[in-house]
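In full-length UniProt numbering, the protein residues as written are 1 to 153.
Below: the structure, in structure tokens.
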């Protein structure tokens with residue numbers, strides 16, 4: 001669990017599903033759960049890497065269900081309250097996420113669009129499947145490996 005350095009420090013919010021399903025560019029024909037997919041695959045990867053804080057029994061149970069492939073990453077994200085916030089992530093996970101998952105400067109959206117969105121026409125059109133997760137997971141693993149080497153150099 002990430003501890004705050006002072007009681008006045010505000011949590012860092014990586015993403016909330018409501019930022020997307022309430023947005024002008026969210027297709028009205030899509031269910032709101034399509035707003036979970038892009039962050040959900042990253043949440044799943046965080047769970048696989050043991051980078052999610054599992055000190056709350058409900059969360060620990062949900063992480064275990066994900067690892068047994070009984071829940072997808074987007075379903076796990078929904079159980080996290082449809083949000084990803086720094087205190088939910090370990091120190092190492094946060095350091096990587098701050099570099100990689102930053103929508104404006106990180107590589108996450110580029111990778112997501114290159115591997116999963118392709119010609120679908122919308123970031124929100126990607127299906128919540130294990131095949132899609134495994135495809136993007138390999139890229140996350142590659143990016144994490146390069147990042148780990150860069151911080152230890």
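Virtual Cβ for every residue (Gly too), placed ideally from N, Cα, C.
- Query: Below 8 Å, can you find three or more Cβ-Cβ pairs linking the segment 14 to 22 to the segment 74 to 92?
  - Reply: yes
- Message: Quick check: the segment 62 to 70 against the segment 102 to 120, are at least 3 beta-carbon pairs closer than 8 Å?
- Response: The segment 102 to 120, when compared against the segment 62 to 70, does not touch it at the 8 Å Cβ threshold.
- Message: Going by DSSP, what residue range makes up the alpha helix (DSSP H) through residue 85?
- Response: As a position in the chain shown, residue 85 is number 85, starting the count at 1. Counting along the chain, residue 85 falls outside any alpha helix (DSSP H), though it belongs to the beta strand (DSSP E) covering 83 to 85.
- Task: Determine the direct distance from the alpha carbon of residue 93 to that of residue 52, and round the result to whole angstroms.
- Result: In the chain shown, residue 52 corresponds to position 52, counting from 1. In the chain shown, residue 93 corresponds to position 93, counting from 1. Their Cα atoms are separated by approximately 8 Å.
- Backbone secondary structure at residue 126 - three-state DSSP: For the purposes of this step, residue 126 is taken as the residue at position 126 of the chain shown. It is coil, neither helix nor strand.
- Message: Buried or exposed, going by whether 16 or more other CB atoms sit within 10 Å of the CB of residue 58?
- Response: The count along the chain shown starts at 1 and reaches residue 58 at position 58. With fewer than 16 other Cβ atoms inside 10 Å of its own Cβ, residue 58 counts as exposed.
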